[in-house]
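*Asks:* Sharing a structure below in structure tokens format, with a few things to ask.
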Amino acid sequence: MSLNTNHIEEKWKKYWMENQTYKVQNDPSKPKFYVLDMFPYPSGAGLHVGHPLGYIASDIYARFKRMLGFNVLHPMGFDSFGLPAEQYAIQTGIHPAISTNENIGRYKDQLYNLGLNFDWSRQVSTSDPSYYKWTQWIFMELFSHYYDTRSDKALPISNLIEQFEQNGNEAVHAVTTFDQVFTAQEWQNFSPKVKDEVLMNYRLAYRKLGYVNWCEELGTVLANDEVKDGVSERGGYPVVKKPMRQWSLRITAYAERLLKDLDQLEWSESLISMQKNWIGRSEGAQVFFEIESFSEPLEIFTTRPDTIFGVTFMVLSPEHEFVDRITTVGHMQEILRYKEYAAGRSDLERTSEKKVTGAFTGAFAINPFNGQRIPVWISEYVLKDYGTGAIMAVPSDDERDKLFAETFNLPVIPVIDKSKYPGATSKDKTGTMINSGFITGMEVKEGIEAVLSELENKKIGSRKVNYKLRDANFSRQRYWGEPFPVMYDQDDVAHLLDMSALPLELPPMSDFKPVANGKSPLARNEDWVKAIAGYTRETDTMPGFAGSSWYFLRYMDPLNEQEFASAEAIKYWKDVDLYIGGTEHAVGHLMYARFWHKFLFDKGLVPGNEPFLKLVNQGMIQGVIEFIYLMKEKKEGRNHFVSTDLIESTDLDKIAKIPVHIDYISNYGSHDSHLNAQGIRQFIAWRNEYKEAFFETKSGVFTIDQVPENFKLHTHSEVGKMSKRYFNVVNPDDVINKYGADCFRMYEMFLGPIEQSKPWDIKGIDGVKKFLRRFWSLFVDDENNWLLTEEAATVEELKILHQTIKKIHEDIYNLSFNTAVSAFMVFVNEMKRLDCHKAAVLLPAIKLIAPFAPFISEELWTRTGSKVSVHHELIPMYNEGLLVVDSVIYPVCINGKKRGEIELGAELNSKEIEGHALSLDIVSKWTEGKSIKKVIVVPNKMINIVV
RNA sequence: GCCAAAGUGGCGGAAUUGGUAGACGCGCUGGACUCAAAAUCCAGUGAUAGCAAUAUCGUGAGGGUUCGAUUCCCUCCUUUGGUACCA
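Each number in our numbering corresponds to the 1-based position in the first sequence with 7 added.
Here it is in structure tokens:
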């Protein structure tokens with residue numbers, strides 16, 4: 008009987024589910040291994056063929072580890088809070104919980120069809136109250152802690168309050184945004200509201216005035232990725248920054264540890280450098296400049312304190328709090344005008360236009376080293392949020408400062424002689440100091456040190472490290488997210504709910520439209536907001552990264568009602584040994600998850616300070632998008648489509664690209680992709696608004712009723728995202744129905760290295776299908792007879808088997824699944840060649856292929872009479888002794904070019920090999936008339952003769 | 001602009017530390033089986049020249065190191081991802 012994959016798959020899917028074949032116990036008697044996939048957002052579109060790439064890889068790895076004797080945790084869940092469900096609810100009135108559950112159901116079916124060995128009893132969904140109870144709990148813990156810089160970890164805020172009560176805040180070592188000093192006495196006299204405000208400057212979860220993307224036309228706040236080029240992605244309406252009181256997380260307290268601990272991680276270089284860039288550490292100095300007739304000094308940050316003698320002006324960001332206070336009467340008008348101008352500028356305008364703008368405040372700062380008067384300007388090129396929002400400008404050594412000086416005719420004092428370092432830029436920090444007072448003549452590096460020491464001596468500055476990393480905005484004006492376990496009293500002081508009130512569940516609602524003032528839809532539910540007398544609830548909800556920052560811990564003990572996970576479970580599973588997911592989460596999710604993990608580590612709740620030891624980014628499987636060209640100008644008042652082979656590249660601005668459903672395309676994805684007569688009729692049936700259109704091809708211009716049978720409207724193929732809106736989504740279920748899940752799994756792996764992105768292309772899958780049939784035919788013939796014999800295996804057969812075993816072990820270890828599939832193909836080709844049906848060789852092969860092809864291997868394994876699932880067997884190990892070769896075919900090269908071969912015993916030494924090689928005819932032919940200079944022999948590798 | 005990764009036949013890709021470039025698969029060509037087709041099996045398949053043995057060229061381009069370079073170094077080009085006035 009030939010292989011019937013549908014039948015086998017149905018049978019084993021059912022069996023595995025009923026017998027809980029993949030259920031995992033927390034069993035400390037076995038070594039643990041934790042393989043994790045980034046959990047998906049269950050979108051309405053379902054899985055496409057790109058998603059499973061990572062899931063299949065991790066599935067193979069997890070199965071392999073289990074067959075090596077490990078207790079493998081390999082769970083799956085859903086990142087099920089999110090915007091699309093809320094938008095769907097606004098459109099349809101269907102509650103997000105309902106549509107989300109439906110989507111989860113479909114995702115699970117699709118994942119199940121792939122034969123993935125998830126332990127579904129551990130499923131986690133972030134929108135499930137029994138889960139988000141603990142997300143809320145972690146938030147409360149963050150709220151209740153501050154970062155102590157002396158012990159370099161988070162400590163309870165009660166410690167801090169105690170210190171305030173006893174000694175005020177002067178001697179406190181904490182990460183804070185609070186820059187005033189108070190005594191114990193003053194603290195005790197503060198009102199609860201003031202105390203709350205002070206503490207907000209220390210808490211790891213705190214409330215501050217933040218800015219949101221406000222879109223007046225849509226009447227709502229937008230996420231960053233809903234804003235494209237300064238306008239809303241939907242509708243293209245203007246978006247402005249609107250201040251709102253919002254929750255934030257003090258991730259900056261962990262900046263140094265987040266950076267330093269990257270060294271311990273087995274992550275890709277590119278990922279680590281992305282995280283490093285994001286954290287953006289730079290060493291430099293904070294320097295205080297006096298301002299004439301102003302009581303407070305101006306604090307700036309610079310990485311180049313050596314250039315302080317070259318400062319010819321200062322620049323503040325337009326939003327800097329000093330601006331209004333230092334501006335002189337004469338310049339007030341101008342400054343106000345500039346501030347207004349800057350506030351109305353979108354991020355896009357600020358970054359795309361390189362023109363230099365600014366205004367003079369009329370105030371002067373004093374250079375602390377030479378007493379020079381330095382004019383203070385404001386300009387939008389100085390960012391409020393980086394450093395102190397103020398810089399000392401050194402136009403001689405900084406490109407932007409130079410442009411600014413040129414524009415406004417400000418002086419330039421050269422301070423660094425770079426003549427000794429041709430081609431060096433100011434970023435290289437090289438050169439010799441000139442015109443620089445006491446550091447003149449020093450090298451830049453010495454100069455930096457000298458100025459730093461002097462700043463500290465004079466007590467007008469100090470060494471300082473700055474980070475690009477900002478505290479994360481943790482509030483979203485949305486319904487479908489975790490509610491904050493927070494309420495406010497009449498003074499707007501934040502109070503946490505009692506632990507017994509958790510989970511604070513989302514109240515049922517039917518109207519999910521945003522509230523006019525930009526508040527979350529929850530604000531509309533007054534009963535819920537004012538449920539507790541004298542208090543109002545927070546109506547914002549948490550962002551997507553809240554639930555995803557700790558989900559991997561919940562899998563360890565998913566049903567626990569007393570704790571986020573039990574100490575024993577966490578102690579056993581510890582951390583994630585292998586994490587597979589897309590690069591799109593390179594900074595967001597991974598940074599916040601590391602931050603939360605470190606916080607939990609500080610609290611002693613997790614054993615390690617990093618959650619994901621090894622991480623692999625799988626590439627994206629892209630789709631081909633097929634477009635037809637529509638002329639922008641109508642023809643006789645009708646739409647006019649033109650075959651792409653008639654369009655010159657210079658005419659591209661005259662056409663609009665209309666995506667076409669790929670099912671209608673002939674020769675999809677190739678240079679010859681086109682719509683034929685049937686395709687164009689399908690297109691019109693689908694997009695009826697074009698039924699009057701003209702279609703112009705090489706053979707003429709037609710209306711839909713006139714298209715001839717040889718009609719060929721060429722389409723334009725582009726590689727891009729696989730997405731519903733390009734109508735190019737390929738559903739794995741369809742591929743599985745046609746070819747089988749094992750085939751789909753092995754084909755996706757066979758496409759290439761797991762980290763690489765590539766467009767989906769079905770051509771080639773036949774090779775894998777053929778391979779699986781050939782594999783099957785080693786065991787079962789066309790009449791369904793079992794073919795295995797008890798005959799003893801030959802040395803050659805055993806050698807092939809053990810070579811394959813070795814290769815598979817190595818390839819899985821290296822996540823090189825494409826070459827593993829090749830190795831299986833080679834094995835089958837060899838067995839076919841030898842006409843081998845010996846149990847001694849083929850039974851191990853069933854187990855070896857089980858992680859890749861779980862269905863077929865299970866079926867074959869049962870037919871051998873085994874009562875145990877093949878997935879609970881141990882993987883065969885290779886016998887090094889069988890791999891020893893006794894002869895080697897040496898390539899014989901002349902001057903590095905291969906000219907011949909010689910087979911020699913593996914035990915021969917270099918001298919003997921050389922002797923044999925030199926006696927070859929081919930060698931004498933090539934060395935004739937020349938002298939042999941040198942013979943290089945690499946034992947077991949090659950022979951090279953230099954003439 | 002900066003950071004990171006990559007560039008190999010008609011196509012996907014292989015080559016673990018510098019050691020036979022193109023494994024494996026697709027496609028293509030020819031053959032066997034068949035009334036025919038599908039399926040299957042066998043053989044061939046980097047380019048150029050040649051009946052052939054064989055020779056020359058060949059891993060984005062150019063240079064270098066080496067007995068020997070897809071692999072290491074330098075310069076440049078292209079693609080993809082990230083980031084963007086970060087003081």
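For glycine and all other residues, C-beta sits at the position ideal for the given N, C-alpha and C.
For I896 and I920, what's the separation of their Cα atoms in angstroms?
*Replies:* Approximately 11 Å, taken between the alpha carbons.
*Asks:* Since I believe V419 is in contact with S403 (beta carbons under 8 Å), could you give me their beta-carbon distance rounded to a whole number of angstroms?
*Replies:* Going by Cβ atoms, the distance from S403 to V419 rounds to 5 Å, so yes, they are a contact pair.
*Asks:* Taking the runs of the beta strand (DSSP E) that are 3 residues or longer, which of them lie wholly in the region 246 to 334?
*Replies:* Taking only runs of at least 3 residues, the beta strand (DSSP E) segments lying wholly in the region 246 to 334 are 247 to 256, 289 to 298, 305 to 309, 320 to 323.
*Asks:* Going by beta carbon distance, what residues of the same chain come within less than 7 Å of E798, once the five residues before and after it are set aside?
*Replies:* For E798, where only same-chain residues beyond five positions count, the Cβ hits under 7 Å are K845.
*Asks:* Let me know the secondary structure DSSP gives A501 once reduced to three states.
*Replies:* Note: A501 maps to strand in three-state DSSP.
*Asks:* Using the three-state DSSP reduction, which class does F718 fall into: helix, strand or coil?
*Replies:* Coil.
*Asks:* With a floor of 4 residues, list each alpha helix (DSSP H) that falls wholly inside the region 51 to 90, ordered by position along the chain.
*Replies:* Complete alpha helix (DSSP H) runs here, min 4: 59 to 74.
*Asks:* Quick check on DSSP: helix, strand or coil for L822?
*Replies:* Three-state result, L822: coil.
*Asks:* In angstroms with no decimal places, state the Cα-to-Cα distance between F367 and N524.
*Replies:* Their backbone Cα atoms lie some 36 Å apart in a straight line.
*Asks:* Which ranges does the alpha helix (DSSP H) cover as unbroken runs of at least 4 residues, wholly within the region 818 to 898, from first to last along the chain?
*Replies:* Counting only runs of 4 or more, we get 824 to 841, 846 to 856, 861 to 870, 887 to 890.
*Asks:* For a test of the three-state rule: what should DSSP assign to S484, helix, strand or coil?
*Replies:* The sequence as given places Gln at residue 484; Ser does not occur at that position. Three-state result, Q484: coil.
*Asks:* If you follow the alpha helix (DSSP H) that W933 is part of, which residue opens it and which one closes it?
*Replies:* Where W933 is concerned, the enclosing alpha helix (DSSP H) stretches over 928 to 934.
*Asks:* Within this structure, are the beta carbons of R264 and Y474 separated by less than 7 Å?
*Replies:* No.
*Asks:* Quick one: does the C-beta of Y261 sit closer than 6 Å to a heavy atom of the ligand ZN?
*Replies:* Looking for the ligand ZN in the displayed structure turns up nothing, as the structure carries no ligands at all.
*Asks:* Tell me E910's beta-bridge partners as DSSP assigns them.
*Replies:* Partner(s): I896.
*Asks:* Can you find the residues in the same chain that come closer than 7 Å, C-beta to C-beta, to E450, ignoring five residues on each side of it along the sequence?
*Replies:* So the list reads T439, once near-sequence residues are dropped.
*Asks:* Which complete alpha helix (DSSP H) runs does the region 771 to 802 hold, if anything under 4 residues is left out?
*Replies:* Within the region 771 to 802, the complete alpha helix (DSSP H) runs of at least 4 residues are 772 to 784.
*Asks:* By DSSP, does I939 sit in helix, in strand, or in coil?
*Replies:* Here I939 sits in coil by DSSP.
*Asks:* Mind checking whether A370 and I333 have CB atoms under 7 Å apart?
*Replies:* Yes, the pair counts as a contact, with Cβ atoms nearer than the cut-off.
*Asks:* So, with DSSP's three-state summary, where would you put A350?
*Replies:* Helix.
*Asks:* In this structure, does DSSP put H152 in helix, strand or coil?
*Replies:* Looking at H152 - three-state DSSP - the assignment turns out to be strand.
*Asks:* Per the contact definition of three or more C-beta pairs closer than 8 Å, is the region 608 to 618 in contact with the region 701 to 716?
*Replies:* With a cut-off of 8 Å, the region 608 to 618 and the region 701 to 716 do not count as touching, because too few Cβ pairs lie within range.
*Asks:* According to DSSP, is A366 part of a helix, a strand, or is it coil?
*Replies:* In this structure, A366 counts as strand in the three-state DSSP scheme.
*Asks:* Could you check whether I381 and N374 sit closer than 7 Å to each other, using their CB atoms as the reference points?
*Replies:* Result yes, Cβ atoms of N374 and I381 sit closer than 7 Å.
*Asks:* Among the candidates N208, M251, Q253, E297, whose CA atom is the shortest distance from the CA of A260?
*Replies:* Of the listed residues, the one whose Cα sits closest to A260 is N208.
*Asks:* If you compare alpha carbons, which of D499, F559, Y486 is closest to M549?
*Replies:* Of D499, F559, Y486, the residue nearest in Cα terms is Y486.
*Asks:* Check this for me: beta carbons of V79 and P312, under 7 Å apart or not?
*Replies:* The answer is no: Cβ separation not under 7 Å.
*Asks:* By DSSP, does W557 sit in helix, in strand, or in coil?
*Replies:* Three-state result, W557: coil.
*Asks:* I need the DSSP call for E450, collapsed to helix, strand or coil.
*Replies:* Three-state DSSP puts E450 in a strand.
*Asks:* With W141 and F831 assumed to form a contact (beta carbons below 8 Å), what rounded beta-carbon distance in angstroms separates them?
*Replies:* Not really, about 43 Å apart at Cβ, beyond 8 Å.
*Asks:* Looking at C-alpha atoms only, which residue of M147, L167, L509 is the closest neighbour of T156?
*Replies:* Out of M147, L167, L509, L167 has the C-alpha closest to the C-alpha of T156.
*Asks:* Along the alpha helix (DSSP H) that carries N174, what are the first and last residues, could you check?
*Replies:* Here the alpha helix (DSSP H) through N174 covers 164 to 174.
*Asks:* Please report the distance separating the alpha-carbon of P325 from that of I342.
*Replies:* Looking at the two C-alpha atoms, the distance is approximately 9 Å.
*Asks:* Would you list the one or two residues that DSSP bridges to C222?
*Replies:* C222 pairs with T227.
*Asks:* Quick one: using the 10 Å Cβ neighbour count with 16 as the cut-off for buried, is D153 buried or exposed?
*Replies:* For clarity, residue 153 is Tyr in the given sequence; the question names Asp instead. That one is buried.
*Asks:* With a threshold of 8 Å on Cβ separation, who are the neighbours of V536 within its own chain once the five nearest residues in sequence on each side are excluded?
*Replies:* If we look at V536 and ignore the five residues flanking it on each side, its Cβ neighbours are L529, A530, T543, R544, T546.
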